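Residue numbers for the sequence shown follow our numbering, beginning at 499 and rising by one.
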Amino acid sequence: VIPARSRGALRVSAVAEAERTATSSSPAPTGDITNKLKYLFGKEAAETPKDAYHGTAWSVRERLIDSFDKTHEHWKKEDPKFIYYLSAEFLMGRSLTNTVYNLGLEGEYADALRQLGYDMEKVADAERDAALGNGGLGRLAACFLDSIATLDLPGWGYGIRYKYGMFKQVLKNGYQAEQPDIWLTSGNPWEIRRDGLRFEVGFGGRVERKKDGNKEVTVWTPSEKVWAQAYDNPIPGFSTPTTSNLRLWDAQPISEFDLGAFNAGDYDRAMLDRERAEAISAVLYPNDSTPEGKELRLKQQYFFVCASLQDVLSRFKATHGTKFELLPDKACFQLNDTHPTIAVAELMRLLVDVEGLDWDAAWTITTKCLNYTNHTVMPEALEKWPVKVMAKMLPRHMEIIEVINEGWTKWLGGHLKELKAEERAKRISAMSIIHENPWNKEEMLVNMAYLAVVGSSAVNGVAAIHSNIVKDEILNDFYQIFPSKFQNKTNGVTPRRWLAWCNPELASLITETLGSNEWINDTEKLSALRAHASDPTFQKKWAAVKHAKKEKLAALIKKIHGDSVNTNALFDIQIKRIHEYKRQYLNVLSIIWRYKQLKKMTPEQRKKAVPRVCLIGGKAASAYDMAKRIIRLVTAVGDVINKDPETKDLLSLYFLPDYNVTLAETIIPAAELSQHISTAGTEASGTSNMKFQMNGCLIIGTWDGANIEIAEETGVDNVFVFGVRADEINQLRKERKNFKTDPRWDEIMKDIEGGMFGDKDYFKPLVDSVNNMKVGNDWFLVANDFAAYLDAQEEVDKVYKDQSEWLRRSIMYTAGSGKFSSDRTIREYAEDIWHVKPSRPAA
Ligand code: B1N
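So, in structure tokens, the structure goes:
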């Protein structure tokens, strides 16, 4: 339970809250909660925390809707320019705590629940995560919505209401197994189904030219149609009356079922339409940082883009009629990676075919309205759709893309007229939106990133180093042509969820120390903590909070694994999707080395060793074989060392299954060291690094992604940086087969191969991928960074032994985290790309 005092310290101000309550016509929460239970659930009383959750959530929902309505009434009157964040993923996590805190209702509802015999935290624990995303990209979208609302920016998110979100990960004998995420079964109090608000979305069919008077028009007759049904998910800002919106689309059949087939007794066929339609929004593809080239995925992308654009245009027309030249002053769209890039062709189709604009006018409007964010550097990860697939599923869009490409390559030819013909032809072919598949000359592909760049006003990467790689490598040809299109927008995370609400104890200490809680909306104020970093009294309080959070995490480990871990040990954590480039493997290898060292020590030597609890968590894409082997290696190594009575208090390793937003909210506040050890130049940004930093967790990391900027803000000397740099990677990859591996590396490889952790056949491909140059090539240079990583880990131990230095650094991390609030990121997007201004409704 959050102590009453700290709750007070978190409030905007007691006066503001009293005003809010006084002017609200809402019923007293206790009675309202029991009413909701009675009339919505048929329950006389809250018998379980889950009951209490349902009653509370449905009660809070009404306050949320009031705020939503006021905001939207205001925006309708003001008619400001809107930003629409188009994303295939929104990883929202739980809503109750966030909503109650953001609306400033925590006192009221905590009191009400106490009267009913419950504490808020237990009740909040009954909520399921909304896991409509894979990892960083989806969670970023969720943080952005929080900031958009908090900054009073007129803006919405648009996405897909997946019936099944990110799969639930369970361990079966130490191997990952996947179970479906059936999250909607008990109803979802955080959404509002907008009855009647639906749009038709078509697929397939044929395209014809017809005469309309003396104008030739294009008519697309799809062979398949579905409804996109709108569901609104209100997004409350913090310390503002603004409540924004995430509109998600659910796919539904146009005809309930085939009555003819039904009457003829063919029930299976009668249901076919429904099943086919519902499949579109049924499941989230569980891939992270790699595209899924499945047709259904393209269908999902077009489905939500088509519905969202129709929705925006219909609202635009209701106020501005057909003055489409005004559209860029009223709406802009951010494409979250290439997933919604079909928007380029769809907006052209809506403006030209449906609204009758001429091509050039439509193209000017389209390119002014769209912007594209790139999130990944791996060239093989850029989405490309076979022309054949696109032409069959979206025949009119394929035509439009062809026309765009003709215009683009022609323009490019003119632009490059100084070049020799041969050189010019080469450049044009390299920059064509439609190009050959380099591995299969028979196949033509649509390059979605190229389409996004050509169709957008601005293109951005998500951390400084990443934006430079985008400019200098991935999209360098385009950068040379349009240097001013390219920008950087370093990612951020919401300090509400990721510090204030998930770590109220630390938040209270900060508020008490800084004399106000203004830092929650102005994280630059955290820098004032620097003045306290070396103060022993403050350090003691800081350490006490961390310890309490470690105890809480230890209780969770006990619940999951049945073991009691040493809470005086250093809590060393790596949580993120399992991927070779993120190198969880490197982490495990160093844990093996640490174990072997401990085994060799005398009891006297062991007394001087720094005890560690190592935790690794994250999901592997279901088809990502190597990632699944890495998980098994973690659990297998854990099985050996956690059982060793000689060392288990000095070193343990646990895999935390089903890593998700909620688990992160418990893990991150408890972490003392977190690992961000991707091969330099591969992690576009990373965002958990920012969450750990905010919570005073030290970082061991490579010179990659946002680690670099975090180090700059925290003081490079306070960060355990190691490993090769991004600009060395190409050369080192070429030389990897001649690289002389460290003897400690060779020893560990032999241990794994020799069966020290069992399962030796299963681990063979893993060993080969980094150690047998005839089979794998250690693409992510695990061996190259191994020795430097062990050195950095030794340095970690050294500093941990000096607790006052460790605590000083810990405080410096939080103090330096101001830059990484998503409020800063969103302000930059709003000013440099969207040109959208705040518009706040009256309180
Ligand atoms: O986006 C995050 C970054 O912080 C991470 O570094 C980056 O890996 C992540 C295809 C992706 N990049 N690409 C994806 C996700 C799903 C999918 O189907 C690609 N995710 C990232 C936020 O910028």
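Don't be surprised by glycine CBs; every beta carbon is placed ideally from N, CA and C. Note that the coordinates shown come from a computational prediction; the quantities given were computed from them, not determined experimentally.
Alpha carbons only, please: which of the options is nearest the one belonging to residue i?
i            : options                : result
residue 1052 : 916, 1150, 970, 1310   : 1150
residue 1143 : 1174, 855, 1101        : 1101
residue 701  : 948, 1132, 718, 714    : 718
residue 1331 : 1306, 533, 958         : 958
residue 1233 : 1282, 1196, 1208       : 1282
residue 1319 : 1213, 1130, 896, 1188  : 1188
residue 671  : 890, 883, 1129         : 1129
residue 638  : 1191, 871, 620, 770    : 871
residue 758  : 831, 868, 749, 771     : 771
residue 1380 : 1183, 1176, 1225, 1242 : Examination of residue 1380 is not possible in this model, given that the chain is present from 499 through 1341 alone.
residue 1158 : 1173, 557, 1074        : 1074
residue 1138 : 1249, 1277, 1280, 1205 : 1249
residue 1116 : 961, 884, 1078, 1252   : 1078
residue 807  : 714, 844, 1008         : 844
residue 1295 : 748, 1172, 1068, 878   : 1068
Taking 7 Å as the cut-off, is the beta-carbon of residue i closer than that to any non-hydrogen atom of the ligand B1N?
i            : result
residue 838  : no
residue 957  : no
residue 960  : yes
residue 785  : yes
residue 635  : yes
residue 1183 : yes
residue 790  : yes
residue 835  : yes
residue 1174 : no
residue 974  : no
residue 1059 : no
residue 1012 : no
residue 989  : yes
residue 992  : no
residue 895  : no
residue 1344 : Any question about residue 1344 goes unanswered here, given that the chain covers just 499 to 1341.
residue 913  : no
residue 905  : no
residue 1203 : yes
residue 638  : yes
Can you look up residue i in the DSSP assignment and give me helix, strand or coil?
i            : result
residue 730  : strand
residue 1108 : coil
residue 1172 : strand
residue 804  : helix
residue 652  : coil
residue 1336 : coil
residue 710  : strand
residue 1137 : helix
residue 531  : helix
residue 1199 : strand
residue 505  : Residue confidence is low: residue 505 scores 39 on pLDDT, short of 50, so the model does not pin down where it sits. Its coordinate-derived value is still stated next. Here residue 505 sits in helix by DSSP.
residue 867  : helix
residue 725  : strand
residue 991  : strand
residue 984  : strand
residue 739  : coil
residue 1254 : coil
residue 830  : strand
residue 1322 : helix
residue 747  : strand
residue 787  : coil
residue 676  : strand
residue 666  : strand
residue 1327 : helix
residue 1114 : strand
residue 1150 : strand
- Item | Segment contact, 8 Å Cβ cut-off, at least three pairs: the region 603 to 618 with the region 844 to 855 | no
- Cβ pair count under 8 Å reaching 3, the region 770 to 786 against the region 810 to 820: no
- Task: Specify whether the region 573 to 586 and the region 648 to 655 touch according to this definition: at least 3 beta carbon pairs, one from each stretch, less than 8 Å apart.
- Result: Between the region 573 to 586 and the region 648 to 655 there are three or more C-beta pairs closer than 8 Å, enough to call the two in contact.
- Examine the Cβ distances between the region 623 to 635 and the region 671 to 687 and report whether three or more of them are shorter than 8 Å. Because the criterion of three Cβ pairs below 8 Å is met, the region 623 to 635 and the region 671 to 687 touch.
- Query: Do the region 862 to 869 and the region 821 to 832 touch if we need at least three Cβ pairs shorter than 8 Å?
  - Reply: Touching, per the Cβ criterion.
- Message: Can you confirm whether the region 1025 to 1032 touches the region 982 to 996 when touching is taken to mean that 3 or more C-beta pairs between the two stretches lie within less than 8 Å?
- Response: no
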